[in-house]
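Take a look at the structure set out below.
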Amino acid sequence: FFFAFKMFRCSCARRQTPKQQQLQGSDLMITDDGKVLVGTNMGLTVDEQDTIKLFKEASAGVVFITNTKNAGPLGAFGFFGGQEDGKQKAFGTGFVWDSEGHIVTNAHVVRGADSLLVTTGDQKACTAKLVAVDPDTDIAVVQVTDKSALAKFVPCKLGTSAELQVGQSVLAIGNPFGLDHTLTTGVVSGTGRQISSQSGKPIDGVIQTDAAINPGNSGGPLLNSEGEVVGINSQIMSASQSSAGIGFAIPIDTVKNIVDQLISHGHISRAALGVSLGGEQALAALLQAAHIKADVEGVVVLDVSGGAASAGLKATTRSPDGDLDLGDVIQKVNGQVMKEASDVFKFIAAQKPGAEVTVTVFHLEDESPEDLKVKLSRVTSDQQEKALEQQEEQEAQEQQQMPFFR
1 FFFAFKMFRC SCARRQTPKQ QQLQGSDLMI TDDGKVLVGT NMGLTVDEQD
51 TIKLFKEASA GVVFITNTKN AGPLGAFGFF GGQEDGKQKA FGTGFVWDSE
101 GHIVTNAHVV RGADSLLVTT GDQKACTAKL VAVDPDTDIA VVQVTDKSAL
151 AKFVPCKLGT SAELQVGQSV LAIGNPFGLD HTLTTGVVSG TGRQISSQSG
201 KPIDGVIQTD AAINPGNSGG PLLNSEGEVV GINSQIMSAS QSSAGIGFAI
251 PIDTVKNIVD QLISHGHISR AALGVSLGGE QALAALLQAA HIKADVEGVV
301 VLDVSGGAAS AGLKATTRSP DGDLDLGDVI QKVNGQVMKE ASDVFKFIAA
351 QKPGAEVTVT VFHLEDESPE DLKVKLSRVT SDQQEKALEQ QEEQEAQEQQ
401 QMPFFR
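So in the UniProt record's numbering, spot 217 of the sequence shown is number 217, and the numbers just go up one at a time.
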């Protein structure tokens, strides 16, 4: 075998062109197609070696997060996980934010946790505490305080998402399906996208990428070719809950602003109108069911609380006997036309708690418009998170009570 191997090497040497030969006195080799091979890894291109180096450096700041919840209704988690020893376990990714042990991840990764475990690349595990969450942007901060663990933490380098361009190379590090510290590569497929958070609020400026993002990748960093974090991998567009080449990352410029507030104040304060809304399809279905022929545009009010309820906004509901009790459609706020629920949420998000706005509604019951003065209430991100947890628990209980079909 050794002799055959030597013969192969010799025959290769005889066929080498000048470009293929190793340059004397250096560790460089240039192939016919122009690729440069460097150092002891002669089978690797410069780009490949750069990627390997980037992964080794960046992965030191990436952690594997285990969310453990005491046994409850199955299906409470919307990301990769399972049940073990009477406890529900779900897994995600996070990355080290600073030297104080703060770790940034997605809000849905840590939702409902009774305990959180953080595992580093060298398989060292330590407990973490929840600092704060913001469900509207799907961002959460947890913290590790163990001194021995902190000594090994390497904060990730932060970049900017403002200058990202379509076609730019990006890399994702995460724990897809529990396979910790997995690297996938791709490009920026689009910028300025909009996705919905689990609270139903729009997240703007989102990065679209074809770097494979699967369950378990949530909360992990999206990196540029300099190894800087430019986004948090958050969602995928797929019918099978696995990568279909369309993944979404929350831009790091948004993340920086939210994380600073979560660490400093423990929550985000926002103005709230006090309504749950339905979009164009909900309006069309409602108009058809109510036999309303008028050309009505706007956003259907599905639930009302706070200042909106006090001002007289009414939601469309269904009585116990099945009859529709018609409510309102929001058409304008402060004179600006509202075509979608996201239009309303974005407008209100730019206001301050306590501000008064004029809401133009169309009363479906008597098919008449009216301007209502609404004082915006104050809502905090931790209040929203509690409401979401309760909602998910209720939905999980209802799902568990449904008959199971094989």
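Yeah, the Cβ is synthetic: ideal placement off N, Cα and C, and Gly gets one too.
Boundaries of the beta strand (DSSP E) in which residue i is found, first to last residue
i           : result
Q281        : Unbroken run through Q281 is the alpha helix (DSSP H), 280-289; no beta strand (DSSP E).
F347        : Run containing F347: none in the beta strand (DSSP E); it sits in the alpha helix (DSSP H), 341-349.
S377        : 377-380
K69         : 62-70
V170        : 169-174
L116        : 115-119
P155        : Unbroken run through P155: none, as it is neither H nor E.
I139        : 139-143
I250        : 247-251
G274        : Premise fails: G274 is in no beta strand (DSSP E) and is neither H nor E.
G92         : 87-96
residue 407 : Past the edges of the chain, shown from 1 to 406, lies residue 407, and the structure says nothing about it.
Proximal residues to residue i (C-beta, below 6 Å), its chain only, five neighbours per side dropped
i    : result
K314 : G327, D328
P369 : F362
A387 : none
D371 : T358, T360
S342 : P202
L283 : V300
F55  : L183
Contact set for residue i: own chain, Cβ-Cβ below 8 Å, skip 5 residues either direction
i    : result
E340 : G279, E280, V299
S319 : D325
L116 : I65, T66, N67, T68, V110, T127, A128, K129, L130, V142
G192 : D204, G205, V206
Proximal residues to residue i (C-beta, below 7 Å), its chain only, five neighbours per side dropped
i    : result
V357 : V333, N334, Q351, V374, L376
K87  : T68, K69, N70, A71
G227 : L54, E57, A58, K157
A308 : L273, G274, V275, V374
Alpha-carbon spacing of residue i relative to residue j, whole angstroms
i    : j    : result
G112 : E393 : 9 Å
D260 : Q143 : 14 Å
N233 : G322 : 43 Å
D50  : I207 : 23 Å
W97  : F248 : 20 Å
E389 : D146 : 28 Å
P251 : I195 : 12 Å
D134 : S197 : 10 Å
T317 : D138 : 29 Å
T184 : D210 : 9 Å
A311 : Q336 : 19 Å
G167 : K346 : 29 Å
F8   : G43  : Its pLDDT being 34, under 50, F8 is placed unreliably by the model, and nothing is read from it.
I52  : S169 : 14 Å
T254 : K293 : 43 Å
A140 : A271 : 20 Å
T380 : V154 : 31 Å
V296 : E367 : 9 Å
A285 : A151 : 58 Å
D136 : T45  : 43 Å
Residue span of the alpha helix (DSSP H) that contains residue i, given as start and end
i    : result
S59  : 46-59
H267 : Note, H267: premise wrong, no alpha helix (DSSP H); not H, not E.
G354 : G354 -> no alpha helix (DSSP H), and no H or E assigned at all.
V230 : Run containing V230: none in the alpha helix (DSSP H); it sits in the beta strand (DSSP E), 229-236.
A107 : 107-110
K147 : 147-150
Proximity test, residue i beta-carbon vs the ligand SAH heavy atom, cut-off 6 Å
i    : result
S161 : No copy of the ligand SAH appears in this structure; indeed no ligand is present at all.
Review point. Is the segment 150-160 close to the segment 174-194, with three or more CB pairs under 8 Å?
Key: no
Check your understanding: Between the segment 204-223 and the segment 256-270, are three or more C-beta pairs nearer than 8 Å?
Key -> no
Review point. Taking contact to mean at least 3 C-beta pairs separated by less than 8 Å, is the segment 58-66 in contact with the segment 185-201?
Key: no
Review point. Can at least three beta-carbon pairs, one atom from the segment 117-125 and one from the segment 281-294, be found at a separation below 8 Å?
Key: no
Check your understanding: Enumerated in chain order, which unbroken segments of the beta strand (DSSP E) with a length of 3 residues or greater are wholly contained in the segment 170-222?
Key -> 182-196, 202-209
**Study point:** In chain order, each alpha helix (DSSP H) run of at least 4 residues that lies wholly inside the segment 297-347
**Key:** 306-311
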